[in-house]
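Numbering (my numbering), first residue to last: 2 to 90. Data block below; observations after.
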Amino acid sequence: LDCRRQRSRGSFEQGERSAATIYLRTPPPVDVAWIWSAPDGRRHRYQVHFGPDRLWIWTRALRVSTPGDWGLDVLIDGVPRAAFAFPVR
Numbered sequence: 002l003d004c005r006r007q008r009s010r011g012s013f014e015q016g017e018r019s020a021a022t023i024y025l026r027t028p029p030p031v032d033v034a035w036i037w038s039a040p041d042g043r044r045h046r047y048q049v050h051f052g053p054d055r056l057w058i059w060t061r062a063l064r065v066s067t068p069g070d071w072g073l074d075v076l077i078d079g080v081p082r083a084a085f086a087f088p089v090r
């Protein structure tokens, strides 16, 4: 995943609803999945579909109330391409 930059809105650390914004250098494929990994091992999968002219997308807003290490894995056409960590204390 060729990311130009990433930012978030909302305070992920404080358990507020938060969404990461991923900016891409090149038009992304159609089949993209975001998988949130909770500290207890549960995984939440969200499918994202968009046109080839979209160079940015938001992950789905996710309310975090469990402290620990959350993760976001980005799958493109079923292949893991990027991973982000969100430590919540």
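Here a beta-carbon is modelled for each residue, glycine too, at the ideal position from N, C-alpha and C.
{"Item": "On the three-state DSSP scale, how would you describe D41?", "Value": "coil"}
{"Item": "Could you check where the beta strand (DSSP E) with D70 kicks off and where it finishes?", "Value": "69–77"}
{"Item": "By the 10 Å Cβ neighbour count, where 16 or more other Cβ atoms means buried, how is V80 classified, buried or exposed?", "Value": "exposed"}
{"Item": "So for P81, helix, strand or coil by DSSP?", "Value": "strand"}
{"Item": "How long is the line joining the alpha carbons of A39 and D74, rounded to whole angstroms?", "Value": "11 Å"}
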